[in-house]
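Peer 1:
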Amino acid sequence: MEDFVHKLRQYVKSGTPAERRIAKYFTEHLNDLPFETAASVADRLDLSPMTVGRFLRALGYQGLDSVKVEIRETVTTSPAQLQSAMSELHADAAEGKPLAVLVAEQIQALHHIYHLTAQPHWAEAVRLISTAREVSIATHARLASLANHFCQRLTQARDGVRTLDGTDNRFAELFARPAVDDALLVIIDCRRFAKARLLARTARRYGYKVVLISPQQADWMADQSNVMLPLPPPRAPDLDNLPPLVALLDCLSESVILEVGEEAALRRRRMLEFATVLGETANH
């Protein structure tokens, strides 16, 4: 990040008029860059997005997204800053400020998930997902996008992962053929997923192992899954508790990637290289 700022200062002094304007804007708005795009910067400075893109390439970046990645990787919050921010948050929550209450509740939910990652059943879920010959992810259609996100993350670590959301009776695909040895079903439960328990029982009967992700208060029986990962209770009975669910799925997929180790790192590099090739092809 220091190198990036140093280059900006050089361009402020010796760049073309357009480069000086962009460099000055970047220097004065570093904290805002994660929320910007090349088009939005160009609009603010009355320049073309192509001009902003050329400037970024001259700095050694493929685009503003590359800068954002570097900012995320290098900008840290000191313990003192974190403690101050938490004290302010708790004070505002104690006063009943709605957004402070919401953020405090979400932080508490994240603490629950972090504690969960140190438990034996978390390690067992990671082992099952890492080593199963095939992994199916089933959920209600409402949560299909989260299941797809989880699936895409897992493909960075292994092959043989698919999602099923029950649309057009797609759950039947699980049982159209005998389950392969060591097949795994991950069920992402929610209050609308009325078929979840029947699906779990049927999958166990057909020889699948089952990892269940469900709210703490859900009335699941112990024998309906091999491993259960409990979400914290939702803020209200009619909510699907999405923020903690997203956090749990990200932590779980990252744990699998770390468990697989070097092979996952190689897969990531190959996937990135292929995505770069596709991007270059699309631009020609």
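FYI, in full-length UniProt numbering the residues of the sequence shown are 1 to 284. In this text, a Cβ means the ideal position worked out from N, Cα and C, and glycines have one as well. Note that the structure is predicted; figures quoted are calculated from it, not measured.
Would the beta-carbon of Ala138 fall within 8 Å of that of Val256?
Peer 2: no
Peer 1: Whose C-alpha, out of Lys13, Glu36, Pro34, is nearest the C-alpha of Lys24?
Peer 2: Lys13
Peer 1: Alpha carbons only, please: which of Arg204, Cys190, Ala80, Thr117 is nearest the one belonging to Ala147?
Peer 2: Cys190
Peer 1: Considering only residues of the stretch 86-127, which uninterrupted beta strand (DSSP E) runs meet the minimum length of 3 residues and lie entirely inside it, listed in chain order?
Peer 2: none
Peer 1: Residues in the same chain with beta-carbon distance under 6 Å from Arg20, minus the five sequence neighbours each way, listed in chain order, please.
Peer 2: Val12
Peer 1: What three-state label does DSSP hand Leu184 in the structure shown?
Peer 2: The answer is strand: DSSP assigns Leu184 an E or B state.
Peer 1: Between which two residues does the alpha helix (DSSP H) holding Thr139 run?
Peer 2: Where Thr139 is concerned, there is no enclosing alpha helix (DSSP H), although the beta strand (DSSP E) it sits in stretches over 134-139.
Peer 1: Thr167: which of Leu185, His140, Arg192 sits nearest, CA to CA?
Peer 2: His140
Peer 1: Please tell me whether Arg197 and Gln224 are closer than 8 Å, where the distance is taken between their beta carbons.
Peer 2: yes
Peer 1: Contact defined as beta carbons within less than 8 Å: I believe Leu229 pairs with Tyr208. What is the distance between those atoms, to the nearest angstrom?
Peer 2: Rounded, the Cβ-Cβ distance is 17 Å, inconsistent with contact.
Peer 1: Looking only at its chain, what residues have a beta carbon closer than 7 Å to the beta carbon of Leu116, apart from the 5 residues adjacent to it on each side?
Peer 2: Counting only Cβ-Cβ distances below 7 Å, and skipping sequence neighbours, we find Trp122, Leu229.
Peer 1: Report the residue ranges of all beta strand (DSSP E) runs contained in full by the UniProt domain "HTH rpiR-type" (2-78); include only those spanning at least 3 residues, in chain order.
Peer 2: none
Peer 1: Relative to the C-alpha of Arg162, which residue among Asn169, Phe175, Pro178, Glu134 is closest?
Peer 2: Glu134
Peer 1: Could you check what DSSP says for Leu253 in three-state terms: helix, strand or coil?
Peer 2: The residue asked about is misnamed: residue 253 is Ser in this sequence, not Leu. In the structure shown, Ser253 sits in a helix (DSSP, three-state: H, G or I).
Peer 1: Can you list, in chain order, the stretches of the alpha helix (DSSP H) that have 4 or more residues and sit fully within the stretch 141-195?
Peer 2: 144-154
Peer 1: Among the residues of its own chain, which have a CB less than 7 Å from the CB of His29, if the five just before and after it don't count?
Peer 2: none
Peer 1: Please decide whether Gln217 counts as near chain C, where near means a Cβ-Cβ distance under 8 Å.
Peer 2: Absent from the structure is chain C; it holds one protein chain and no more.
Peer 1: For Pro230, list the residues DSSP reports as bridge partners.
Peer 2: Ser214
Peer 1: Report the option in Leu45, His90, Leu8 whose CA atom is closest to the CA atom of Arg57.
Peer 2: Leu8
Peer 1: Assuming Phe171 and Leu249 make a contact with CB atoms under 8 Å, what is their CB distance in whole Å?
Peer 2: That belief does not hold up - the Cβ atoms of Phe171 and Leu249 are roughly 20 Å apart, past 8 Å.
Peer 1: Am I right that Leu45 and Ile22 are in contact with their C-beta atoms under 8 Å? What's the rounded C-beta distance?
Peer 2: About 6 Å; that satisfies the 8 Å criterion.
Peer 1: So which of Gln152, Asp65, Ser84, Arg204 has the shortest CA-CA distance to Ala175?
Peer 2: The identity of residue 175 in the sequence shown is Phe, whereas the question assumes Ala. Per the Cα distances, Arg204.
Peer 1: Looking only at its own chain, which residues have a Cβ that is under 6 Å from the Cβ of Ile213, when we skip the five neighbours before and after it?
Peer 2: Ile188, Leu229
Peer 1: Have a look at Ala100 and Pro17 and give me their C-alpha separation to the nearest angstrom.
Peer 2: 44 Å
Peer 1: Lys68 to Leu59, Cα distance in whole Å?
Peer 2: 14 Å
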